[in-house]
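Numbering (this note's numbering), first residue to last: 136 to 218.
Here the structure comes first, spelled out in C-alpha cells, and everything after it is commentary.
Quick look at the structure:
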C-alpha cells in the first residue's frame, strides 16, 4: 500500500488494527518496518519489530540478518522471544 511505500509504519499498523486485519497481515507490516530500520542500522528497533513476526515469518530470515558478531546481542533477544 502507499502507506508502507512511504514508510509510515505506525500509521499502517493503526489502520490495519482498525480494519481488523488478521495477525499475518499485521506481522507483514512489522516485517517491512523491521527491514526498513535494519537497513538504517537501528538493530534494536529492527529486532523489536521482528519479534512481532514470530509465528508468521520464517525465523531463519531474522537469524541470518543478525549472525554477524556485532549483532549477536540482538539475535539473542530474538531467540529468547522465539523460545
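For every residue, glycine included, the Cβ atom is placed at its ideal position computed from N, Cα and C.
So residue 162 is in the alpha helix (DSSP H); what residue range does that whole segment cover?
Locating residue 162 in the chain shown gives position 27, counting from the first residue. Taken as a continuous stretch (DSSP letters only), the alpha helix (DSSP H) holding residue 162 covers 158-174.
Could you tell me which of 144, 165, 190 and 194 sits nearest to residue 183, measuring between CA atoms?
By 1-based counting over the chain shown, the position of residue 183 is 48. With distances taken between Cα atoms, residue 183 lies closest to 165.
Please work out which residues of its chain come closer than 6 Å, Cβ to Cβ, to residue 172, disregarding the five sequence neighbours upstream and downstream, and give them in chain order.
If you number the chain shown from 1, residue 172 lands on position 37. For residue 172, where only same-chain residues beyond five positions count, the Cβ hits under 6 Å are 180 and 181.
When the distance is taken between beta carbons, is residue 150 closer than 8 Å to residue 169?
Numbered from 1 along the chain shown, position 34 holds the residue referred to as residue 169. Numbered from 1 along the chain shown, position 15 holds the residue referred to as residue 150. Contact: no.
Three-way DSSP call (helix, strand, coil) for residue 195 in this model
Against the chain shown, residue 195 aligns to sequence position 60. Helix, per DSSP.
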